[in-house]
Amino acid sequence: MSQYKLVYYSGMNMNLVQGASEIVEADSFNDALSLKCSWPVFEARDHLSAAAQNPGTCVYYTEMWEAVLMDPKQASTSHDCYGDFSGMRY
Numbered sequence: 003m004s005q006y007k008l009v010y011y012s013g014m015n016m017n018l019v020q021g022a023s024e025i026v027e028a029d030s031f032n033d034a035l036s037l038k039c040s041w042p043v044f045e046a047r048d049h050l051s052a053a054a055q056n057p058g059t060c061v062y063y064t065e066m067w068e069a070v071l072m073d074p075k076q077a078s079t080s081h082d083c084y085g086d087f088s089g090m091r092y
């Protein structure tokens with residue numbers, strides 16, 4: 003099982019307030035965030051963090067939980083997650 007740091011954020015547009023953080027053990031981001039809410043989970047592209055935002059909130063007020071992977075041994079990700087940009091023209 004991996005360790006995840008969970009943090010709750012809420013507040014008005016451009017004025018989010020961070021709640022107390024908590025470290026939990028779970029098998030995945032979904033499992034870790036399901037301990038706090040049943041909202042849809044969106045995992046970051048680098049697979050090091052995820053967030054679950056209350057779907058009932060709007061642009062002007064939001065509530066969300068963030069989970070950050072705490073295990074350094076799990077933090078090594080392949081660079082494939084960033085995509086192949088070799089064909090781009092600059």
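In terms of this note's numbering, the sequence shown is residues 3 to 92. Where a beta carbon is used, it is the ideal one built from N, C-alpha and C, also for glycine.
Residues near residue i in its chain [Cβ-Cβ closer than 8 Å; skip 5 each side]
| i | result |
| --- | --- |
| Pro57 | Trp41 and Pro42 |
| Met3 | Glu27, Ala28 and Asp29 |
| Gln20 | Val9, Tyr10 and Tyr11 |
Proximal residues to residue i (C-beta, below 7 Å), its chain only, five neighbours per side dropped
| i | result |
| --- | --- |
| Phe44 | Ala52 and Ala53 |
Span separating the alpha-carbon of residue i from that of residue j
| i | j | result |
| --- | --- | --- |
| Ile2 | Gln55 | Any property of residue 2 remains undetermined from this structure, which presents the chain solely from 3 to 92. |
| Val61 | Asp73 | 33 Å |
| Arg47 | Tyr63 | 25 Å |
Residue i versus the options, residue with shortest Cα-Cα distance
| i | options | result |
| --- | --- | --- |
| Ser30 | Asn15, His49 and Thr59 | His49 |
| Ala22 | Met16, Asp33, Asn15 and Lys38 | Lys38 |
* Segment contact flag, the segment 6-24 with the segment 57-74, C-beta cutoff 8 Å, min 3 pairs -> yes
* To do: Please list the segments of the alpha helix (DSSP H) lying wholly inside the segment 22-80, counting only runs of 4 or more residues, in order along the chain.
  => 31-36
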